[in-house]
Amino acid sequence: MKYLPIALVAIIAGLAVYLVQESRLKSLQDDLASADNPAGDEPKKPRKRTLPDPVTKQNPVTSSRRPPSPGPAKENDEKDENPLKSMAEVMQSEAGRAMIKQGIEAGLPMIYGDFIDALSLDDEESKYFKELLTKRMLDQQQLGMKWMQADEEGRVALSLEMEKLRGESSVKIDEFLQNEEDAASFKKYEQQLPERQQMKGVRNALSNEPLTPEVEERLVDTLYKARLNSGEGNGSDEENWQNLGQTGDFSVIEERWKATDVEIAKNIPDVLTPTQSEAFLNHWKTARIMQAAQYKMGMQMMGMDKE
Numbered sequence: 000m001k002y003l004p005i006a007l008v009a010i011i012a013g014l015a016v017y018l019v020q021e022s023r024l025k026s027l028q029d030d031l032a033s034a035d036n037p038a039g040d041e042p043k044k045p046r047k048r049t050l051p052d053p054v055t056k057q058n059p060v061t062s063s064r065r066p067p068s069p070g071p072a073k074e075n076d077e078k079d080e081n082p083l084k085s086m087a088e089v090m091q092s093e094a095g096r097a098m099i100k101q102g103i104e105a106g107l108p109m110i111y112g113d114f115i116d117a118l119s120l121d122d123e124e125s126k127y128f129k130e131l132l133t134k135r136m137l138d139q140q141q142l143g144m145k146w147m148q149a150d151e152e153g154r155v156a157l158s159l160e161m162e163k164l165r166g167e168s169s170v171k172i173d174e175f176l177q178n179e180e181d182a183a184s185f186k187k188y189e190q191q192l193p194e195r196q197q198m199k200g201v202r203n204a205l206s207n208e209p210l211t212p213e214v215e216e217r218l219v220d221t222l223y224k225a226r227l228n229s230g231e232g233n234g235s236d237e238e239n240w241q242n243l244g245q246t247g248d249f250s251v252i253e254e255r256w257k258a259t260d261v262e263i264a265k266n267i268p269d270v271l272t273p274t275q276s277e278a279f280l281n282h283w284k285t286a287r288i289m290q291a292a293q294y295k296m297g298m299q300m301m302g303m304d305k306e
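When we follow my numbering, the leftmost residue of the sequence shown carries the number 0, and every step to the right adds one.
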């Protein structure tokens, strides 16, 4: 199964929403049959501006990110014929999909905030781009949940469908960005999402000696390379959840983390000052503990834990 950025990260976002809104989830489960207002997942075309954009006329390649007209909304209301868990049934319903969509929207600043800010979009463009990203994550989350429950043959089919939806989403994002440099930056950003999602906490931990933008990029690259070079595959959250769905063995992930952290500790002094290095490594240990707790909570909720 190929690398599927975001697909199962969105599941974890959904699980977090599930915990926070447990009482709401129960009421939604009772009202599934009467859900009359399905969530509108396909981004709607924003209104055209009433005034011409002088920057667009001067530099149409890098500045005319006018959202393209989306195609007709596709039907995506296929129900799981044999859900294994009530949570999965709710999450794959229209009401559950709407709830998960809200959770993804709330989590977008943490996941894509730095990249969106770097584009310097206006309000209309920012809203449309966020809608594209939300749908990208939501579609993958829905299929990812089914993948966790499917047999081997079903997983092959779902993997192909994931790749198809992801390709369609990437085309729309590339059309919106309208230049190769931004498209390449977006692809790299997604590959480094596990590291970039840690940066807010890292910045807080190193507030006494803040990172410059250049050093932060070097730090992200260092963490990313350490993850890639510490075992088979890419060590991403998506890959971890796929393996957990098959084996339920979290110790494999912990062993890879240990190897990754050895690489990080070895290379961090080449990137950060001694004071920054100490603060970072202390923060990283705490972040690992929290990360493990999130995994174990998700495993329990999806019935993966062996205990």
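Even for Gly, the Cβ is constructed at its ideal location relative to N, Cα and C.
Just so we're clear, the structure is a prediction, and the values are computed from it rather than from any experiment.
Selection from D236, E213 and P268 that minimises the alpha carbon distance to A253
In the sequence shown, residue 253 corresponds to position 254, counting from 1. Residue identity check: residue 253 is Glu in the sequence provided, not Ala. The shortest C-alpha to C-alpha distance from E253 to any of D236, E213 and P268 is the one to D236.
How about the stretch 203-222 and the stretch 264-275: do they share at least three Cβ pairs that are nearer than 8 Å?
Yes: the two stretches touch, three or more of their Cβ pairs being nearer than 8 Å.
Which same chain residues end up closer than 6 Å to Y111 when comparing Cβ atoms and leaving out the 5 residues on each side of it in sequence?
Indexing the sequence shown from 1 puts residue 111 at position 112. The residues are L132.
Within this structure, are the beta carbons of R195 and G230 separated by less than 7 Å?
On the sequence shown, residue 195 is found 196 positions in, with the first residue counted as 1. On the sequence shown, residue 230 is found 231 positions in, with the first residue counted as 1. No.
Measuring only the C-alpha atoms, how far is D220 from G200?
On the sequence shown, position 221 is the one that residue 220 refers to. On the sequence shown, position 201 is the one that residue 200 refers to. A direct Cα-to-Cα measurement between D220 and G200 gives close to 17 Å.
Measure the C-alpha to C-alpha separation of M109 and A156 and round it to an integer number of angstroms.
Locating residue 109 in the sequence shown gives position 110, counting from the first residue. Locating residue 156 in the sequence shown gives position 157, counting from the first residue. Answer to the nearest angstrom: the Cα atoms are 31 Å apart.
Between P212, L176, K224 and L164, which has its C-alpha nearest L192's C-alpha?
Walking along the sequence shown from the start, residue 192 turns up at place 193. The option with the nearest alpha carbon to L192 is K224.
Under three-state DSSP, which class holds L210?
The sequence position of residue 210 within the sequence shown is 211, counting from 1. Judged by DSSP in its simplified three-state form, L210 adopts coil rather than helix or strand.
Please classify E130: is it buried, with 16 or more other beta-carbons within 10 angstroms of its beta-carbon, or exposed?
In the sequence shown, residue 130 corresponds to position 131, counting from 1. Buried, by the Cβ-count rule.
If the criterion is Cβ atoms closer than 7 Å, does the pair L137 and I103 meet it?
In the sequence shown, residue 137 corresponds to position 138, counting from 1. In the sequence shown, residue 103 corresponds to position 104, counting from 1. It is a contact, given that the beta carbons lie within the stated cut-off.
Whether R135 touches W146 by CB criterion (7 Å):
To locate residue 135, count along the sequence shown from 1; it is residue 136. To locate residue 146, count along the sequence shown from 1; it is residue 147. W146 is positioned such that its CB atom lies no closer than 7 Å to that of R135.
Could you check which residue in A182, P268, N178 and D181 has the C-alpha nearest to that of R217?
Position 218 of the sequence shown, counted from the first residue, corresponds to residue 217. Taking R217 as reference, the option from A182, P268, N178 and D181 with the minimal CA-CA separation is P268.
Let me confirm a value: Q245 is counted as buried when at least 16 other C-beta atoms fall within 10 Å, else exposed. Which label applies?
For this step, residue 245 is matched to residue 246 along the sequence shown. Counting other Cβ atoms within 10 Å of its Cβ, Q245 stays below 16 and is therefore classed as exposed.
DSSP three-state assignment for G112, whether helix, strand or coil
Your numbering for residue 112 matches position 113 in the sequence shown. When secondary structure is reduced to three states using DSSP, G112 falls in the helix class.
Sub-7 Å separation of G232 and E238 beta-carbons
For the purposes of this step, residue 232 is taken as residue 233 along the sequence shown, with counting starting at 1. For the purposes of this step, residue 238 is taken as residue 239 along the sequence shown, with counting starting at 1. It is a contact, given that the beta carbons lie within the stated cut-off.
Buried or exposed: I288, going by 16 or more other Cβ atoms within 10 Å of its Cβ?
For the purposes of this step, residue 288 is taken as residue 289 along the sequence shown, with counting starting at 1. Residue burial annotation: I288 is exposed, with fewer than 16 other C-beta atoms found within 10 angstroms of its C-beta.
When you compare each of E162, I99, W240 and A264 to D290 by their alpha carbons, which one comes out closest?
Here residue 290 is taken as the residue at index 291 of the sequence shown, counted from 1. According to the sequence provided, residue 290 is Gln. The question's Asp does not apply to it. When only C-alpha atoms are compared, the closest one is W240.
Check for me: the alpha helix (DSSP H) holding P273 runs from which residue to which?
Here residue 273 refers to the residue found at position 274 when the sequence shown is read from its first residue. Its alpha helix (DSSP H) spans residues P273 to M300.
Report the residue from L271, S250, I263 and N281 whose alpha carbon sits nearest the alpha carbon of M298.
The sequence position of residue 298 within the sequence shown is 299, counting from 1. The residue from L271, S250, I263 and N281 with its alpha-carbon nearest to that of M298 is S250.
By alpha-carbon positions, which one of A292, M300 and R226 ends up nearest to A264?
To locate residue 264, count along the sequence shown from 1; it is residue 265. For A264, the nearest C-alpha among the options comes from R226.
Could you pull out every residue in the same chain whose Cβ sits closer than 6 Å to the Cβ of A309, ignoring the five residues on either side in sequence?
Only positions 0 to 306 of the chain appear in this structure, which leaves residue 309 out of reach.
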